[in-house]
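In what follows, a structure is listed as structure tokens, so that the remarks can point back to it.
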Amino acid sequence: MSNKALVVVDYSYDFVADDGKLTCGAAGQAIEPYIVERIKAY
Numbered sequence: 001m002s003n004k005a006l007v008v009v010d011y012s013y014d015f016v017a018d019d020g021k022l023t024c025g026a027a028g029q030a031i032e033p034y035i036v037e038r039i040k041a042y
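Letter by letter, the sequence shown follows residues 1 to 42 of UniProt numbering.
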């Protein structure tokens, strides 16, 4: 039997939004479509 897990760690407003408390800005925002694609494919 095979077990799989997809873990998305802390992709939250504070790290991604332009006005988030600990934002990584454009770099974090740029990967969002890829993350969403991977979640849907999973």
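Glycine included, every Cβ here is placed at the ideal spot set by N, Cα and C.
Below 6 Å CB to CB, which residues in the same chain sit around Ile39 once its five sequence neighbours on both sides are set aside? Taking the sequence shown and counting its residues from 1, the one referred to as residue 39 is at position 39. Excluding residues up to 5 positions away in sequence, nothing lies with its Cβ nearer than 6 Å to the Cβ of Ile39 in the same chain.
Determine the contact status of Gln29 and Val16, defining contact as a CB-CB distance below 8 Å. Indexing the sequence shown from 1 puts residue 29 at position 29. Indexing the sequence shown from 1 puts residue 16 at position 16. Yes, the Cβ-Cβ distance between Gln29 and Val16 is below 8 Å.
I think Gly25 touches Asp19, with their Cβ atoms under 8 Å apart; what is that distance to the nearest whole Å? Locating residue 25 in the sequence shown gives position 25, where the first residue counts as 1. Locating residue 19 in the sequence shown gives position 19, where the first residue counts as 1. 10 Å between Cβ atoms; not a contact.
Are the beta-carbon atoms of Asp14 and Lys21 separated by less than 8 Å? Numbered from its first residue, the sequence shown carries residue 14 at position 14. Numbered from its first residue, the sequence shown carries residue 21 at position 21. By the CB criterion at 8 Å, Asp14 and Lys21 fall inside the cutoff.
Beta carbon of Tyr34, beta carbon of Leu6: below 8 Å? If you number the sequence shown from 1, residue 34 lands on position 34. If you number the sequence shown from 1, residue 6 lands on position 6. It is not a contact, given that the beta carbons lie outside the stated cut-off.
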